[in-house]
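Visitor: Protein chains in written order, with full-length UniProt numbering: chain A, 1 to 228; chain B, 1 to 244; chain C, 1 to 81. Glycine included, C-beta positions come from ideal geometry on N, C-alpha and C. Please read all numbers here as calculations on a predicted model, not as lab measurements.
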Amino acid sequence: MTAPGMLAFSGRLLRRQVVLSLRRPVEIANPLLFFAMVVALFPLGLGPAPATLASFAPGLLWIVALLANLLSADTLFRSDFEDGSLEQLLLAPQPLYTSVLSCVLAQWLVSGLLLALLSPLFAVMLNLQPEAIPVLLLSLLLGTAVLSLVGGIGAALTVGLKRGGMLIALLILPFYMPVLIFGSAAVQAVITGVPATPHLAILAAMLCFALALAPLAMAAGLRISIDA
Amino acid sequence: MWSFFHKLGSPPWLYRISGSILRWLLPLTLLGLALGMTWGLFFTAPDFRQGNSYRIIYIHVPAAVVALAGYYVMATAGAVSLIWKMKMADVALRAAAPVGAALTFVALLTGAIWGKPTWGTWWVWDARITSMLILLFLYLGVIALYEAYDNKEAAGKACAVLSLVGTVNIPIIYKSVDWWYSLHQPASIKFTGPSSIDPSMLYPLLLLIISFYALFTCCLLMNMRVGILQREARTKWVRKLVGL
Amino acid sequence: MYFDSFQAAMAMDGHGVFVWSAYGISVLVLALLLLRPWRQERRVLRELATQWKRSNQPPRGTNHSQANSGLSREGSDAPGS
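(1) Please go through the same chain and pick out, in chain order, the residues whose beta-carbon is closer than 8 Å to the beta-carbon of I28/A, but skip the five residues on each side of it.
(2) Restricting to Cα atoms, I'd like to know which of A148/B, R55/B and V161/B is closest to G160/A.
(3) For the segment 53 to 60 of chain B against the segment 125 to 138 of chain B, do three or more pairs of beta-carbon atoms, one drawn from each stretch, fall closer than 8 Å, so that the two count as touching?
(4) With a threshold of 8 Å on Cβ separation, who are the neighbours of L82/B within its own chain once the five nearest residues in sequence on each side are excluded?
(5) Please compile the residues from chain B whose C-beta is within a distance smaller than 8 Å of the C-beta of I181/A.
(6) Exposed or buried, what is L33/A when buried is set at 16 or more other beta-carbons lying within 10 Å of its beta-carbon?
(7) Within the 8 Å Cβ cut-off, does G51/B reach chain C?
(8) Counting only beta-carbon separations shorter than 8 Å, does I224/A have a partner in chain B?
(9) Report yes or no: is there a C-beta of chain B within less than 8 Å of the C-beta of M12/C?
(10) Identify the contact partners of A154/B in chain A, using a Cβ-Cβ distance below 8 Å as the criterion.
(11) I need the straight-line Cα distance from P27/B to E41/C, nearest angstrom please.
(12) Using three-state DSSP, classify D150/B as helix, strand or coil.
(13) Let's test the definition: count the other Cβ atoms within 10 Å of the Cβ of N223/B and tell me whether it reaches 16, buried, or not, exposed.
(14) Quick check on this structure: which residue in V124/B, A89/B, T104/B and A92/B has the alpha carbon closest to the alpha carbon of M132/B?
(15) Closest by CA to I170/B, which one among G36/B, G70/B, T38/B and L30/B?
(16) If the cut is a Cβ gap below 7 Å, which residues of chain A does F42/B touch?
(17) Among P130/A, L91/A, A123/A and L76/A, which one has its Cα closest to the Cα of A36/A?
(18) With DSSP as the reference, label G51/B as helix, strand or coil.
(19) Can you give me the start and stop residues for the alpha helix (DSSP H) that T121/B sits inside?
(20) I need the straight-line Cα distance from W39/B to I25/C, nearest angstrom please.
(21) Less than 8 Å between the C-beta atoms of S148/A and L136/A, yes or no?
(22) Using 10 angstroms around the beta-carbon of P50/A, count the other beta-carbons present and answer buried if the total reaches 16, otherwise exposed.
(23) Can you find at least 3 beta carbon pairs, one from the segment 59 to 67 of chain A and one from the segment 168 to 185 of chain A, that sit closer than 8 Å?
(24) With a threshold of 8 Å on Cβ separation, who are the neighbours of R93/A within its own chain once the five nearest residues in sequence on each side are excluded?
(25) Quick one: what's got a C-beta closer than 7 Å to T52/A's C-beta in the same chain, skipping five residues either side?
(26) So, is A40/A buried or exposed, given that buried needs 16 or more other C-beta atoms within 10 angstroms?
(27) Please list the partners that L215/B has in chain C, where partner means a Cβ-to-Cβ separation under 7 Å.
(28) For the 8 Å Cβ check, are there 3 or more pairs between the segment 176 to 184 of chain B and the segment 222 to 241 of chain B?
(29) Please identify, using Cβ separations under 8 Å, the residues of the segment 121 to 149 of chain B that lie next to chain A, in order along the chain.
(30) Tell whether a beta-carbon distance below 8 Å holds between W123/B and G115/B.
(31) Tell me the rounded alpha-carbon separation between G100/B and P12/B.
(32) Which complete alpha helix (DSSP H) runs does the segment 76 to 139 of chain B hold, if anything under 4 residues is left out?
(33) Assign N127/A to one of three DSSP states: helix, strand, or coil.
What follows is the structure, given as structure tokens:
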């Protein structure tokens, strides 16, 4: 029997990860529920005036999306590490670069993508201008992918640790900051009447950069965590 | 050249040579710091716009410069550790992190104290201050990650990966924070760079920058000596050193 | 010397509080930075010395017998209880 090729292997891995997470729908729903609840906190804290909420909405939505992403970052390799399939993955003849990439893609499909698709609902609740909603959706689609890739580095480095939950936030939040800056600026740009394309282009550039380099760091991190 | 590089990986050699370096570098550093600070505090004329409060520059700028350089020292040690699997590079990485974090803290704190008489507020979300704050978080992240691992060999490697990721990200973070600030810049606060600083004010600053670099080296070597002893506690040369 | 008197140097035209507190805290942090590894190194060396001395003593030394008696006492207690 010959080992499946790189692409076939990554495809199967992607399917496996998605199926595994679909079997635990509560875990998929948790970050989304968190998103909804934190959005509900802001009118309580800032006051219900529509104008105030609308002016803060781009930043708020982006910060909450970022935190929701942070919540799910820790789970990326956790269950695979615990049942030993992560070790199998490291021993597999296929390059770790692509298999790690399909793990992240699977995670993004059930977290970042859903978050972005749900965001227009919360944007309306926070009185964001209707014209800004497509840009919010697009910026979240691009941005959460970067966040998932960067979060994967933190997950790979802390997966072997028993108390990794809070640590991962400390490690990766500094790297989330540029994404937050450009993501919220894109939405803000539409509100002030400036074209949002430059910001989206920079987010896309960050995504390309992260796609190229983050799997390398993740692979190195996983090897260290498994060895420890 | 290569023999020197190999010697760097030898704990007893590194322990001995760091001891003899420290013997003259440490007094020189303390002398430089004392001289520079006295010079800056008492023997320079006050700035015509900021008055005497500008004297904080003599610790603020050197601390900031060396704090940033320290991150690259740490990341270089991380790269050496990952590429050549050199254990002493792990020790250097762990030794550099707290020194860098402390210097970043000093830079932030003196900046805040300087800000009060100059701008009327302790803290401004200015591009450079925000970047320094993020740098502090990066340092603290490395220390937290190292302490979280029980296996110190793996801890060194994990920190090496993290510091390299940080090195790739620092320019991105700095550029985006710069850009973010230029977008939101409030008109009331004007930052003027020290582009036309008088030589009489510049010389003590240069002396202090060099002294801070020397101080960083001293602290790095001293922390490394502790790290070496802890790692090599079971070896023959440490036994001989202890006197048994 | 720029200042005329000690008082002038302390006050620095009203900026003294800021300048002196900035210098004071910085010097304190730098001193801690230098003192900590120095003390740590001495402590590690001292600990290693006592550790080696203890382990170098022959097995019939006092330390060993004490550890042994402690163990045996626990062992004899266990079946009785």
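Guide: From the atom records:
(1) By the criterion of a C-beta distance shorter than 8 Å, I28/A is surrounded in its chain by S21, L22, V110, S111 and L114, once the five residues flanking it on both sides are discounted.
(2) If we check each option's Cα against that of G160/A, A148/B comes out closest.
(3) With contact defined as three or more Cβ pairs closer than 8 Å, the segment 53 to 60 of chain B and the segment 125 to 138 of chain B are not in contact.
(4) Hits under 8 Å: K157, A160, V161 and L164.
(5) What I181/A touches in chain B: S176, V177, W179 and W180.
(6) If you draw a 10 Å sphere on the C-beta of L33/A, you find fewer than 16 other C-beta atoms in it, and that means exposed.
(7) Interface residue, yes.
(8) Output row for I224/A: interface = yes.
(9) Interface residue, yes.
(10) Contact note: A154/B reaches chain A through G160, I224, S225, D227 and A228, using a C-beta cutoff of 8 Å and chain order.
(11) Straight-line Cα distance between these residues: approximately 18 Å.
(12) The answer is coil: DSSP assigns D150/B none of H, G, I, E or B.
(13) The Cβ neighbour count for N223/B, taken over all protein chains shown within 10 Å, is at least 16; the residue is labelled buried.
(14) Comparing Cα-Cα distances from M132/B to each of V124/B, A89/B, T104/B and A92/B, the minimum goes to T104/B.
(15) Nearest C-alpha to I170/B: G70/B.
(16) Those do not exist, as F42/B stays about 39 Å from chain A at its closest Cβ, beyond 7 Å.
(17) The shortest Cα separation from A36/A among P130/A, L91/A, A123/A and L76/A belongs to A123/A.
(18) Three-state DSSP puts G51/B in a strand.
(19) Looking at the DSSP string, T121/B is not in any alpha helix (DSSP H), and its letter there is neither H nor E.
(20) Approximately 18 Å between the Cα atoms of the pair.
(21) Taking 8 Å as the Cβ cut-off, S148/A and L136/A do not qualify as a contacting pair.
(22) Around the beta carbon of P50/A, fewer than 16 other beta carbons lie within 10 angstroms, which makes this residue exposed.
(23) Result yes; three or more Cβ-Cβ pairs closer than 8 Å.
(24) The residue asked about is misnamed: residue 93/A is Pro in this sequence, not Arg. In its chain, beyond the 5 residues on either side, A3 have a beta carbon closer than 8 Å to the beta carbon of P93/A.
(25) Exclusion of the five residues before and after T52/A leaves L46 as the residues of its chain whose Cβ lies within less than 7 Å of its Cβ.
(26) Exposed: under 16 other Cβ atoms inside 10 Å.
(27) What L215/B touches in chain C: L30.
(28) The answer is no - the segment 222 to 241 of chain B does not touch the segment 176 to 184 of chain B, with fewer than three Cβ pairs under 8 Å.
(29) The residues in question are I134, F137, L138, L140, G141, A144, L145, A148 and Y149.
(30) Their beta carbons are under 8 Å apart, which means W123/B touches G115/B by this criterion.
(31) Going by C-alpha positions, G100/B is about 25 Å away from P12/B.
(32) 87 to 119, all fully within the segment 76 to 139 of chain B.
(33) Here N127/A sits in coil by DSSP.
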